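Chemist: This is the structure, below, for whatever I ask next.
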Amino acid sequence: MRKSKIALLAPALCAAILLIASPARAQDKDRALLSTFCAAANIKGSACTRATSYPHGEGRACDVKLTEERYAGRFLADHALLVVNYESECEPHATDFGGVALFEQGGKTARFIRFLPGAQGHDCIVTPKDERQDALICAVGHMGQGILESAVARLAFSQKSGKRIEIAPDFLMRAEDAVSAYGSNVVMCNEGPKYFGLSNLAAGPRQNTVAVDVDYADDETIRTACGEGFPKPKELYHDLLPGEAFVPEGYEKKKRFIIDLVTGKAAPSD
2 MRKSKIALLA PALCAAILLI ASPARAQDKD RALLSTFCAA ANIKGSACTR ATSYPHGEGR
62 ACDVKLTEER YAGRFLADHA LLVVNYESEC EPHATDFGGV ALFEQGGKTA RFIRFLPGAQ
122 GHDCIVTPKD ERQDALICAV GHMGQGILES AVARLAFSQK SGKRIEIAPD FLMRAEDAVS
182 AYGSNVVMCN EGPKYFGLSN LAAGPRQNTV AVDVDYADDE TIRTACGEGF PKPKELYHDL
242 LPGEAFVPEG YEKKKRFIID LVTGKAAPSD
């Protein structure tokens, strides 16, 4: 009886030890990364109060706080890279107040390469691209003047001879939600389906695919909007142009889509 009690307690005890140790280990890892571009006296937890060589710092002491979002992979054929999202008070809304700190990994050490303001993705998936290289697929987005733009993008890494590594988004699927700006989403009557929102990015059911939830107007929704129309919201802030129609919040379709990373095509999962 006593043995069975010990056996039952052992997993719980191990889990407790892991929970206690994890923050300390995470802090040690963050400190090791921060020390590649920050003096020891300026490291506070997961943040550096004065990052060296911060771009467009204009002589200011720019802070860099590492977030928990970080992705490792061979995103260039000859480089094992670590991509770490960060926040900085030196970054404006245009770059979503942060960016990516890029490191090259070698064994247990990491070499800082550069900061890339505005290059951060979220809920990313690392997936094999081919035998030599990995792909990084992320959710990206930006809110401006009430318009929320969201997308699923492959973060494309490149390095020309003698130049630094760059990251650029290769958009696989894009959406635009105008409810905060107009009081409703808007569609064009002479155009096909329109995507309003993307969420819950995850690995797809097959190799070289990802899955994402999509809020959208299909052909049927657009026909209704441009014909008899939907009930109008109480507050609207947009005068319709010729050929436009409203699709108020709650009247969009919602489905899980599969994106093929080879062809770039997206289709409902069913």
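Positions in the sequence shown are counted from 1; adding 1 to them yields the numbering used here. For every residue, glycine included, the Cβ atom is placed at its ideal position computed from N, Cα and C. From a predicted model like this one, the values you see are computed outputs, not experimental measurements.
(1) Should Asp-97 go down as buried or exposed, given a rule of 16 or more other Cβ atoms within 10 Å for buried?
(2) In whole angstroms, what is the alpha-carbon distance linking Leu-241 and Cys-227?
(3) Please classify Gly-107 as buried or exposed, where buried requires at least 16 other C-beta atoms within 10 Å of its C-beta.
(4) Count Cβ pairs between the region 252-262 and the region 204-215 that sit closer than 8 Å; are there 3 or more?
(5) Quick one, which of Ala-140, Pro-93, Glu-229 has its alpha-carbon nearest Pro-118's?
(6) Rounded to a whole number of angstroms, what is the C-alpha to C-alpha distance between Arg-3 and Asp-29?
(7) What residues are listed by DSSP as bridge partners for Arg-155?
(8) Could you pull the start and end residues of the alpha helix (DSSP H) that Ala-1 belongs to?
(9) How would you call Pro-1, buried or exposed, if buried means at least 16 neighbouring beta carbons within 10 angstroms?
(10) Identify, in the order they occur along the chain, each residue of the same chain with its Cβ nearer than 8 Å to the Cβ of Ile-126, setting aside the five sequence neighbours on each side.
(11) Over what stretch of residues does the alpha helix (DSSP H) that includes Val-180 continue unbroken?
(12) Measure how close the beta-carbons of Phe-76 and Leu-82 come, nearest whole angstrom, since I'm counting them as under 8 Å.
Modeler: Let's see:
(1) In the sequence shown, the residue the question calls residue 97 occupies position 96. Asp-97 is classed as buried because its beta carbon has at least 16 other beta carbons within 10 Å across all chains shown.
(2) The residue you call residue 241 lines up with position 240 of the sequence shown. The residue you call residue 227 lines up with position 226 of the sequence shown. Leu-241 and Cys-227 have their C-alpha atoms spaced approximately 11 Å apart.
(3) Position 106 of the sequence shown, counted from the first residue, corresponds to residue 107. In the assembly as shown, Gly-107 is an exposed residue. Its beta-carbon has fewer than 16 other beta-carbons within 10 Å.
(4) yes
(5) Looking up residue 118 in the sequence shown gives position 117. Nearest C-alpha to Pro-118: Pro-93.
(6) As a position in the sequence shown, residue 3 is number 2, starting the count at 1. As a position in the sequence shown, residue 29 is number 28, starting the count at 1. The predicted model places Arg-3 with a pLDDT of 34, which falls under 50 and marks its position as unreliable; any figure quoted below should be read in that light. About 38 Å.
(7) For the purposes of this step, residue 155 is taken as residue 154 along the sequence shown, with counting starting at 1. Arg-155 is bridged to Ile-138, Asp-171.
(8) For residue 1 there is no data in the structure shown, the boundaries of the chain being 2 and 271.
(9) Because the chain in this structure spans residues 2 to 271, residue 1 falls outside the shown range and cannot be described.
(10) One-based indexing of the sequence shown puts residue 126 at position 125. These residues qualify, in order along the chain: Leu-137, Ile-138, Cys-139, Leu-202, Ala-203, Ala-204, Val-211.
(11) Along the sequence shown, one-based indexing puts residue 180 at 179. First-last of the alpha helix (DSSP H) with Val-180: 180-183.
(12) For the purposes of this step, residue 76 is taken as the residue at position 75 of the sequence shown. For the purposes of this step, residue 82 is taken as the residue at position 81 of the sequence shown. About 5 Å; that satisfies the 8 Å criterion.
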